[in-house]
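Report on the structure given below.
Residue numbers (the numbering used here): 257 to 632.
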């Protein structure tokens, strides 16, 4: 599976689809399978008691082998990290602490060892007569021992399964806007106001624990808007897994970033802290992808707003957007600026399509048509 085939499809769960496992769940399922009754064909029933007993325990053992080999085989056949989009690969790395490929290799080796052992034990059980029960139990014990010794990272399937199920689908052929910033600056409120997503909003940090995607359909254009967890002012190596998911999106996805700031006096984090994080994001992805958004403008004086604007504009950001996500003030202006920048960066023409759409609707009339076709 090469990179191109993965990027044409955009749901991680299409490629990483495994159930969460542990040694205990595998052991319990193996024992349940072993004690289940097996149907023996009439031809086998006619055999002498020793051969009939041996065949029955061979079937029990075969079912155990098939379950374990199939279960581990699914892990072994997971796509190599290198074949996945780099964003997905980073998320899996975060979830498994960089041991995703190691788990795949462990499972692959275990399947080879178990398959070889089954060839030996199948003949051994069939030739054991009335002792077949003991030999089959020995096989079951050894197969569980191999899983324990060879697939020590099996518990990571829980994290992998969680990431696959909770990572939103991304269409790499459509425009993407990433909403980033520190916690409690109004990112989720904005994404909920403009898109189909309804992220949880609360008065404490790190409410958003995963990336969330909403969609905006404006005529023929579908815009993806990604809500990301808040990030703090610290090196990436010191970030928690929640923050690192936001960094993975920023670092890997072809997108424009709306960097949200709360310049109000009662902001959860100081303006200086927010500026420091802006500088970190700038070092990560470059200034050209970033549009700074001042949110909660209804909560501060004009003098304070102008003071904070001078700081950011002094960093080289000539285009700022002033909004109130809660009251939906200028939220569509932020989207329009982002699409204008997306076109300029990635040589697309979405803005022209949006101008045609906005000219035929009153809800956002004038927002897109007032922009030029290139971003300043």
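Here a beta-carbon is modelled for each residue, glycine too, at the ideal position from N, C-alpha and C.
Checklist entry - Taking just the CA atoms, how far does residue 290 sit from residue 269? => result 31 angstroms
Checklist entry - How would you label residue 429, buried or exposed, when you count the other beta carbons within 10 angstroms and need 16 or more for buried? => result exposed
Next on the checklist: Report the CB separation of residue 402 from residue 369 in whole angstroms; it is logged as a contact under 8 angstroms.
Outcome noted: 6 angstroms
Item to check | Given residue 498 as reference, the closest of 324, 595, 347 once Cα atoms are compared | outcome: 347
Next on the checklist: Please classify residue 257 as buried or exposed, where buried requires at least 16 neighbouring CB atoms within 10 angstroms.
Outcome noted: Residue confidence for residue 257 is low, a pLDDT of 33 falling below 50, so the modelled location carries little weight and cannot support an answer.
Next on the checklist: Between which two residues does the beta strand (DSSP E) holding residue 576 run?
Outcome noted: 576-578
Item to check | Contact set for residue 610: own chain, Cβ-Cβ below 8 angstroms, skip 5 residues either direction | outcome: 474, 475, 477, 592, 595, 624
Item to check | Alpha-carbon to alpha-carbon, residue 568 and residue 543 | outcome: 12 angstroms
Checklist entry - What did DSSP end up calling residue 515 once you bin it into helix, strand or coil? => result strand
Checklist entry - In or out: residue 521 buried (at least 16 other Cβ within 10 Å) or exposed? => result exposed
Checklist entry - At what residues does the alpha helix (DSSP H) containing residue 382 begin and finish? => result 356-382
Checklist entry - Mind checking residue 272: buried by the 16 CB within 10 Å criterion, or exposed? => result buried
Next on the checklist: Starting from residue 529, trace the alpha helix (DSSP H) in both directions and tell me its first and last residue.
Outcome noted: 527-541
Checklist entry - Do residue 575 and residue 547 have their C-beta atoms within less than 8 angstroms of each other? => result yes
Checklist entry - What is the DSSP secondary structure of residue 655, reduced to helix, strand or coil? => result Here the chain covers residues 257 to 632 and nothing more, so residue 655 does not appear.
Checklist entry - Alpha carbon to alpha carbon, what distance is there between residue 312 and residue 261? => result Interpretation of residue 261 is limited by its pLDDT of 39, a score under 50 that renders its predicted location unreliable; no figure is taken from the coordinates.
Item to check | Pick from 342, 335, 344, 489 that is closest to residue 363, judged by C-alpha positions | outcome: 335
Checklist entry - Taking the beta strand (DSSP E) that residue 583 falls in, what are its first and last residues? => result Residue 583 -> no beta strand (DSSP E), and no H or E assigned at all.
Checklist entry - At what residue ranges does the segment 476-523 contain a whole run of the alpha helix (DSSP H), taking only runs of 4 or more? => result 497-508
Checklist entry - Which class does residue 572 belong to by DSSP, given the choice of helix, strand or coil? => result coil
Checklist entry - Leaving out the 5 sequence neighbours to the left and right, which residues in its chain are closer than 6 angstroms to residue 372 when beta-carbon positions are compared? => result none
Item to check | Residues of its chain near residue 583, where Cβ-Cβ distance is below 7 angstroms and the 5 sequence neighbours each way are ignored | outcome: 554
Next on the checklist: For the segment 420-429 against the segment 372-392, do three or more pairs of beta-carbon atoms, one drawn from each stretch, fall closer than 8 angstroms, so that the two count as touching?
Outcome noted: no
Checklist entry - What do you get for residue 309, buried or exposed, if any count of 16 or more other CB atoms within 10 angstroms of its CB means buried? => result buried
Item to check | Sequence ranges, beta strand (DSSP E) only - wholly within the segment 369-452, length at least 3 | outcome: 432-437
Checklist entry - Beta-carbon separation of residue 437 and residue 550 under 8 angstroms? => result no
Item to check | Spatially closest choice to residue 329 from 365, 500, 532, by CA coordinates | outcome: 365
Checklist entry - Since residue 329 sits in a beta bridge, which residues does DSSP pair it with? => result Looking at the DSSP assignment, residue 329 forms no beta bridge with any residue, so it has no partner.
Item to check | Length of the line joining the Cα atoms of residue 396 and residue 275 | outcome: 22 angstroms
Checklist entry - Would you call residue 490 buried or exposed, if buried means 16 or more other Cβ atoms sit within 10 Å of its Cβ? => result exposed
Checklist entry - Could you give the distance in angstroms between the alpha-carbon of residue 413 and the alpha-carbon of residue 518? => result 39 angstroms
Item to check | Where residue 274 sits in the DSSP three-state scheme | outcome: coil
Next on the checklist: Tell me the DSSP secondary structure of residue 467 in three-state form.
Outcome noted: coil
Checklist entry - Just to confirm, are residue 345 and residue 337 a CB contact at a threshold of 8 angstroms? => result yes
Next on the checklist: In this structure, how does DSSP classify residue 474 when only helix, strand and coil are distinguished?
Outcome noted: strand
Checklist entry - If you draw a straight line from the C-alpha of residue 552 to the C-alpha of residue 580, how long is it? => result 5 angstroms
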